[in-house]
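2 protein chains.
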Amino acid sequence: MLGKVNHIAIAVPDLAAATAVYRDTLGAKVSEAQALPEHGVTVVFVELPNTKVELLEPLGEASTIAAFLEKAPAGGMHHICYEVDDILAARDRLVAGGARVLGDGNPRIGAHGKPVLFLHPKDFLGTLVELEQV
Amino acid sequence: MLGKVNHIAIAVPDLAAATAVYRDTLGAKVSEAQALPEHGVTVVFVELPNTKVELLEPLGEASTIAAFLEKAPAGGMHHICYEVDDILAARDRLVAGGARVLGDGNPRIGAHGKPVLFLHPKDFLGTLVELEQV
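Which chain is which? The protein sequence lines are A and B, in order.
Under the numbering used here, the residue at position 69 of the first sequence is numbered 69, and the numbers go up by one with no gaps.
Under the numbering used here, the residue at position 29 of the second sequence is numbered 29, and the numbers go up by one with no gaps.
Written out as structure tokens, the structure is:
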């Protein structure tokens, strides 16, 4: 069922500083910052040869990233996103197996304009898992 | 400088249960478990089309994974490993830029039989970063 790792997301308190770490210190290719108010984040994409790292800074009051950073003020790995061919089939299989989907259980349009779901970390080894239909 | 994401490591308290989550619930291809006593872990590789997830269970008394799990008993994302062409050149560039390398600063042979270094999470957005020469 699982396809590629679409991205690994890292929550950061200061996006400009985090971008400099990846661009200047680690020598990676990074995108311009993009504000995504409907997702409560500003994001910079770090483009690696086989996948992406996404640096997420909170945007707005209700950002889930802000809550994460209260517990980990320096930042940290926030979630991992796997690609799936059919997100509804994936959801139905997971729910039938007892896994919990966050929110109302229906896909919403994610930061890349494609349908996504988030799975409960307690069912996936303490790791927040995003599924994205590609 | 940064090449591919070689793997994303997830620390888990129960490797058999974690393997079942990835194999049965998520439908991914997983390896047999491999004990790596010199690294203080037993590992299962989850093979995705573009990279790997490594499930790490503590092995032995001095495992750094055990310390991680004391703070996150359900498990969690432990580190991200990036490939580099020349680990000594990478190390020298990072140290010159003020970043801290864990241990004595010299590469050791990692779980894949190749030279690796770990970088201090405080210098990399709260994320433990492994570099592996490939």
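Beta carbons: idealized from backbone N, C-alpha and C, even for Gly.
A quick note: this is a predicted structure, and the numbers were derived from the prediction, not measured.
For residue 56 of chain A, no alpha helix (DSSP H) run applies; the uninterrupted beta strand (DSSP E) run containing it begins and ends at 52-58, by DSSP. By the rule that beta-carbons nearer than 8 Å mark a contact, residue 74 of chain A touches chain B. Using beta-carbon distances, residue 116 of chain A does not count as an interface residue toward chain B, since no partner is under 8 Å.
In this structure residue 116 of chain A is not in contact with residue 125 of chain B, their Cβ atoms being roughly 23 Å apart against a cut-off of 8 Å. Approximately 6 Å separates the beta-carbon atoms of residue 100 of chain B and residue 123 of chain B; this is inside 8 Å, confirming the contact.
With a threshold of 16 other beta carbon atoms within 10 Å, residue 76 of chain B meets it and is buried. Close partners of residue 2 of chain A in chain B (Cβ separation under 7 Å): 26, 27, 28 and 48. In the DSSP annotation of this structure, the continuous segment of the beta strand (DSSP E) that includes residue 117 of chain A starts and ends at 115-119. Residue burial annotation: residue 130 of chain A is buried, with at least 16 other C-beta atoms found within 10 angstroms of its C-beta.
Looking only at B/83, B/55, B/39 and B/134, the smallest Cα-Cα distance to residue 45 of chain B is reached by B/55. Within the stretch 4-49 of chain A, the complete alpha helix (DSSP H) segments of 4 residues or longer fall at 15-20, listed in chain order.
The shortest C-alpha to C-alpha distance from residue 112 of chain B to any of B/96, B/98 and B/134 is the one to B/134. Counting along the chain, the unbroken alpha helix (DSSP H) around residue 69 of chain A starts and ends at 64-71. Under DSSP, residue 79 of chain B takes part in a beta bridge, and its partners are B/9.
Residue pairing for residue 132 of chain B: DSSP places it in a beta bridge opposite B/83 and B/116. Looking at the DSSP output, residue 95 of chain A bridges to nothing. Excluding five sequence positions before and after residue 8 of chain A, the CB atoms of its chain that fall closer than 6 Å to its own CB belong to 53 and 80, given in chain order. Straight-line measurement puts the Cα of residue 28 of chain B at about 7 Å from the Cα of residue 47 of chain B. Cβ neighbours of residue 107 of chain A within its own chain (closer than 8 Å, five residues either side excluded): 87, 88, 91, 115, 116, 117 and 133.
When the beta-carbon positions are compared, residue 13 of chain A and residue 41 of chain A stay at least 8 Å from each other. Taking the Cα positions, residue 16 of chain A is about 9 Å away from residue 33 of chain A. Excluding its 5 nearest sequence neighbours in each direction, residue 109 of chain B has C-beta neighbours in its own chain below 7 Å: 115, listed in chain order. Partner residues in a beta bridge of residue 100 of chain B, as assigned by DSSP, do not exist. Excluding the 5 residues flanking it on each side, residue 63 of chain A has same chain C-beta neighbours closer than 6 Å at 40, in chain order.
Chain order gives the chain B residues near residue 51 of chain A as 5, 50 and 51, where near means a beta carbon separation below 7 Å. As the crow flies, the alpha-carbon of residue 4 of chain B is around 32 Å from that of residue 61 of chain B.
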